[in-house]
Amino acid sequence: MSKTVIIFIVGVFLALLTVGGYLASQTFFASADPSLEPQNVVVERLSPTTGQVTFTTVKPATASIECAATADGPFDICGAEDTAITDHQLKTSVILDPDSSYYFYITIGNTRYDNLGQPLVFERAEEKKPSADEFPTQLMGTCNDDLTYVAEYDVNKDGCIRFNDRDLFGQ
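Every letter in the sequence shown is one number past the one before it in UniProt numbering, and letter 17, counting from 1, is 17.
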């Protein structure tokens, strides 16, 4: 075998060893940067069909959220940022089913962040009940014979809208 072929084979071997060693070290010895770990995480349903996750990181980072209808997945990107920041506010970019909970992970770089090994959750949308403050006081004293009478505000169904209807409203 000629000297040139041996040098070529040794060169290829060293190149493969270098690349393989680098990839192995990234896989087995790499850990998440603690300054990129999400802190002060707040999960909320903004509306029946929209969710939002807010959190902070020590270092600026670009984050995304991956959602699924079940805790086992499959998880797909459902919200993302396009700039590196420290105060994150990620809204879902997909329409959520109001009657379903959604499971998600926060992803920063190649690291997925969760809730102690379990995905975070957008809970089912809660139906907001109206309060007595939202009761239309201009309807007080109207009865079912009046043109301005609105049956949905006659909570006790006695035919007239009175103070007791306002007090019962939203319960």
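C-beta: ideal position from N, C-alpha, C; glycine also.
So what does Tyr103 bridge to, in DSSP terms? Counted from its first residue, the sequence shown places residue 103 at position 103. Ala68 and Val121.
Contact under 9 Å by Cβ, Ser101 with Phe122: The residue labelled residue 101 in the question sits at position 101 within the sequence shown. The residue labelled residue 122 in the question sits at position 122 within the sequence shown. Cβ distance < 9 Å, so Ser101 and Phe122 count as in contact.
Check: Ala71 C-beta below 8 Å from any heavy atom of the ligand SAH: Within the structure as shown, the ligand SAH is missing, as the structure has no ligands at all.
With a threshold of 7 Å on Cβ separation, who are the neighbours of Thr148 within its own chain once the five nearest residues in sequence on each side are excluded? Walking along the sequence shown from the start, residue 148 turns up at place 148. Result list for Thr148: Leu139 and Thr142, in chain order.
Where Gly79 falls: helix, strand or coil (DSSP): By one-based count along the sequence shown, residue 79 stands at place 79. Strand at Gly79.
How big is the Cα-Cα spacing for Val43 and Val19? Taking the first residue of the sequence shown as 1, we reach residue 43 at position 43. Taking the first residue of the sequence shown as 1, we reach residue 19 at position 19. If I take the Cα positions, the gap works out to 41 Å.
Distance between Ala69 and Ile108 (C-alpha atoms, nearest Å): Mapped onto the sequence shown, residue 108 falls at position 108. Mapped onto the sequence shown, residue 69 falls at position 69. C-alpha separation (whole angstroms): 21 Å.
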